[in-house]
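S.K.: This is the structure, below, for whatever I ask next.
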Amino acid sequence: MSDTTIPTLDSDGQFAAYVARPAGTPRAAIVVIQEIFGVNPGIRRKCDRLAEDGYLAVAPDLFWRIEPGIQLDPDVEDEMQQALGLMGKFNQDAGIRDIEATIRWARSEVEGGKVGCVGYCLGGRLAYMTAARTDVDASVGYYAVGIPDLLHEAQAIAHPLLLHIAGDDGFVDKETQAKMHEGLDDHPKVSLRDYPGEDHGFATEMGDRRSPEAADRADAATKAFFAEHLG
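What follows is the structure, given as structure tokens:
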């Protein structure tokens, strides 16, 4: 487990990323896309778990332009408010370009092999955008926010995308969930899984938001999805 730096697509800067490597040759690579709390211990643990499954996992610091290296705890109210403020300042289009740069870096690390991505909260939305805008081979989004605003990009999704939806998500209401199903259920590359009664953040690795049984179910589905589409 280590940190690295990745050059931007335009080579006008570079950003840090946490990297977890498997014991042997990686079966593929997976980009882990942060929540609004930065590349904190929970995101690093997500990477470590993927490495245990045989993947090279890399989590880029997407907030590097506004607050590089930030790591926040969602269970601390002041830090939650700080995170919400950072999200308001974050340029999502620039973030997707940084994710694309990370995909290119990861693909070179696995010698041209497959690269997937998985994101949480804001990262879930970015995983959807990554599926629509890049050559990523497979994508997973957990409790993605604001997807109805992006349904016009669905036709560009050419590789498999799995979205986990929290049924009682405090940031994604029932109407929004219904619009997601209406817009995506018939898409040949997109699968939606619902978790009734679960709230936003249910699959976090640690902290008050975690719902163990639902997290295990979602993570098992993600593991099977990546095994099928990445190897």
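Numbering (this note's numbering), first residue to last: 1 to 231.
All C-beta atoms in this analysis are idealised placements derived from N, C-alpha and C, irrespective of residue type, glycine included.
Which of the three DSSP states is assigned to Thr-239 in this structure?
M.R.: Look at the range of the chain in this structure, 1 to 231, and you will see that residue 239 is not part of it.
S.K.: Mapping DSSP to helix, strand and coil, what is Pro-212?
M.R.: Reduced to three states, the DSSP call for Pro-212 is helix.
S.K.: Can you give me the start and stop residues for the alpha helix (DSSP H) that Leu-50 sits inside?
M.R.: Counting along the chain, the alpha helix (DSSP H) containing Leu-50 begins and ends at 41 to 52.
S.K.: For the structure I just gave you, are there three or more beta carbon pairs, one from the stretch 15 to 22 and one from the stretch 54 to 62, closer than 8 Å?
M.R.: These segments touch.
S.K.: According to DSSP, is Phe-171 part of a helix, a strand, or is it coil?
M.R.: In the structure shown, Phe-171 sits in coil (DSSP, three-state: anything other than H, G, I, E or B).
S.K.: Excluding the 5 residues preceding and the 5 following Gly-170 in the sequence, name in chain order all residues of the same chain whose CB lies nearer than 8 Å to its CB.
M.R.: Contacts found: Asp-199, His-200.
S.K.: Please report how far the alpha carbon of Arg-209 lies from the alpha carbon of Phe-202, in whole angstroms.
M.R.: Cα-Cα distance, rounded: 5 Å.
S.K.: Less than 8 Å between the CB atoms is what I'm expecting for Gly-197 and Gly-167, so what's the real figure, rounded?
M.R.: The pair is a contact, with the Cβ atoms about 6 Å apart (cut-off 8 Å).
S.K.: Within 10 angstroms of the Cβ of Gly-85, are there 16 or more other Cβ atoms? Answer buried if so, exposed if not.
M.R.: Gly-85 should be labelled exposed.
S.K.: Starting from Leu-242 and walking both ways along the alpha helix (DSSP H), at which residues does that stretch end?
M.R.: The requested residue 242 does not occur in the structure, where the chain is confined to residues 1 to 231.
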